[in-house]
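I have placed the structure first, in the form of structure tokens, so that the comments after it can refer back to it.
In the UniProt record's numbering, the protein residues as written are 1 to 161.
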């Protein structure tokens, strides 16, 4: 496996740090051939920021294309010694951010196709751009639900007149 470290050696030297694709990490770590170091997306800097203010962290920027921060966390959780700690981080972050995701979705559904620019527009836009793929999907569902509820209310209100 030495070629994985970028060298021509047959073996990887003891205590070396090598980046591996997640599919290979499973085999290596679960076979006890190596230990996994916590990826930067879940490092102490990110954990501290999430504890301080979960909505201020751009989860989509932490894991690359697709922005599946929760999915990546769940995947690596199986390989960690501190499974419960990772589970608590993912769950707490999701719960605290979900309120803002739903609030933003309802707000923008109420604005209609014109969108909205206001004094809080920059922070709201920044928050939406930082959503994980799971959160983006929930945002779209909540926004659609809010639009349907508004349409239903308006149609039923017309029928009562």
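We put the beta carbon where it would ideally sit given N, CA and C, even for glycine.
- When the Cα atoms are used, residue 15 and residue 28 turn out to be separated by approximately 14 Å.
- Look at the beta carbons and you see the stretch 65-85 not touching the stretch 99-113: under three pairs across the two are nearer than 8 Å.
- DSSP, read as helix, strand or coil, puts residue 16 in coil.
- When C-alpha distances from residue 138 are compared across 17, 154, 95, 82, the shortest belongs to 95.
- Here residue 47 really is in contact with residue 89; their C-beta atoms are around 6 Å apart, less than 8 Å.
- Buried is the label assigned to residue 60, since at least 16 other Cβ atoms lie within 10 Å of its Cβ.
- Apart from sequence neighbours up to five positions away, the residues of its chain that approach residue 49 with a beta-carbon distance below 7 Å are 56, 57, ordered along the chain.
- By the neighbour-count criterion, in which a residue is buried when 16 or more other Cβ atoms sit within 10 angstroms of its Cβ, residue 11 is exposed.
- In this structure, residue 104 lies near residue 127, with their beta-carbon atoms less than 8 Å apart.
- Nearest C-alpha to residue 37 among 82, 146, 130: 82.
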